[in-house]
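Read the structure below first, then the notes.
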Amino acid sequence: MSKIITIPSSIDEINKTLNIIDGFIIGIDNMSVNTNLNISINSISILDDYKDKDIFISLNKNMHNIDLKCLKDIMIKLNSYNIKGVLYYDVAVLQIYKEIKPNYELVWSQEHSTTNYSTINYWYEKGAKYTYLSSDITFEEIKEIKQNSKSTLLVNLFGYLPMFVSKRHIVKNYLNYFKLKDSSKINYMEKENKIYPIMDKEIGTMCYSNNILNGLKYSLDLLDYYIVLNSLDIDLNKFICIINLFRNVNSKNIEDSNNKINNMFNNVDLGFLEKKTIYKVKKNDK
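For reference, each letter of the sequence shown is one residue, going -8 to 277 in the numbering used here.
This is the structure:
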């Protein structure tokens, strides 16, 4: 059976969904991108309230030399808690992991790189027994990876999808340039009549897809996966309903459940689950 985990937006959300989820992904302050909830390492003891859940901690930003001592201290401290796995992007995490030999697993989580079983198998042999699959691949490619890899897989099936991360403070620079004041946690960027959620945090800017992924129709075919549902910019009551739909879906109600989600929003699609990624070189028009 697959497990359902969330990328929650608050502790309150975790508490209100605790009886219908198997776990969740949160970040550590200034050490994680594309997580909605980040906590201080000094308040990590709050995780003791969720000992029976699969807790994943994201440390998936690009690390710099100045980060390494703090990163090592965090990874050592995490070993005192019931952590299922740590998500990483930078190989520095893997190097420290080999040095300290903690109890938790490593999750290779390079959003646009976790696309094939050959590289997944390479990192598996290096110690990363879990992989957070890219959202840029099709359902058929997900199945191919599963068939050819020993790695335990995490796959996004609901929510806004990460598009890019930049160290530049795009929103803050815009506000400063035009002398505007705004304290919104989420802003929105419009391009070609499409609206993209964009978040400017201390470590940089994160931009998300204009549409909400609804992959419920594939959930019954993804056995022994971690199915990830993202609550970013989703009303909590709706998100609880969505978790329940994923939790209770079966072969008899799958079409009705899928339609319920589609009818909740006006910007739902299947992302790349049915769409192959094509790179096209444009001519240099002069």
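C-beta atoms are modelled at their ideal positions from N, C-alpha and C, and glycine is treated no differently. These numbers come from a predicted model, not from an experiment.
Distance, residue j Cα to residue i Cα
i     : j     : result
G206  : S126  : 11 Å
S36   : Y217  : 24 Å
K266  : T129  : 6 Å
L78   : M255  : 31 Å
N107  : S142  : 12 Å
N29   : I245  : 34 Å
I12   : M(-8) : 13 Å
T8    : K44   : 12 Å
L69   : K89   : 15 Å
S210  : K60   : 40 Å
L97   : L62   : 14 Å
D215  : K120  : 14 Å
L38   : N6    : 12 Å
I(-5) : K117  : 27 Å
Close beta carbons around residue i, own chain, < 6 Å, minus the five adjacent residues each side
i    : result
N112 : S140
K208 : N249
Minimum C-alpha distance to residue i - residue among the options
i    : options                    : result
S175 : V162, Y168, I(-2) and I186 : V162
I32  : N239, I194, I19 and T26    : I19
L148 : L261, G14, S1 and T8       : L261
I67  : I57, I48, N53 and Y80      : I48
E193 : R159, I186, D215 and K172  : R159
L236 : N253, D224 and L223        : N253
F155 : N25, I(-2) and T(-3)       : N25
I203 : S0, K172 and N257          : N257
I81  : S100, N184 and S71         : The amino acid at residue 81 is misidentified as Ile; the sequence shows Asp. Among S100, N184 and S71, the Cα nearest to that of D81 belongs to S100.
L152 : L264, V272, S34 and M22    : L264
N184 : N201, L171 and K172        : N201
Chain-order list of residues whose beta-carbon lies under 8 Å from that of residue i (same chain, five-residue window excluded)
i    : result
H103 : S125 and D127
N178 : V162, P188, I189, M190 and D191
Residue i in three-state terms, based on DSSP
i    : result
N268 : With the sequence shown as reference, residue 268 is identified as Thr, and Asn is not the correct amino acid for it. Correct three-state label for T268: coil.
Y217 : strand
L261 : coil
L223 : coil
D173 : coil
S200 : strand
Close-in-space but distant-in-sequence residues of the same chain around residue i (CB under 7 Å, 5 per side omitted)
i    : result
S157 : G195 and T196
S1   : L28
Min CB distance residue i to chain B below 8 Å
i   : result
E96 : Although the question refers to chain B, the structure presented lacks it and comprises just one protein chain.
Sequence ranges, beta strand (DSSP E) only - wholly within the segment 78 to 157, length at least 3: Runs found: 96 to 99, 121 to 123 and 143 to 157.
What are the uninterrupted segments assigned as beta strand (DSSP E) that are 3 or more residues long and contained completely in the segment 11 to 84, given in chain order? Listed in chain order, the complete beta strand (DSSP E) runs (minimum 3 residues) inside the segment 11 to 84 are 14 to 19, 45 to 50 and 76 to 79.
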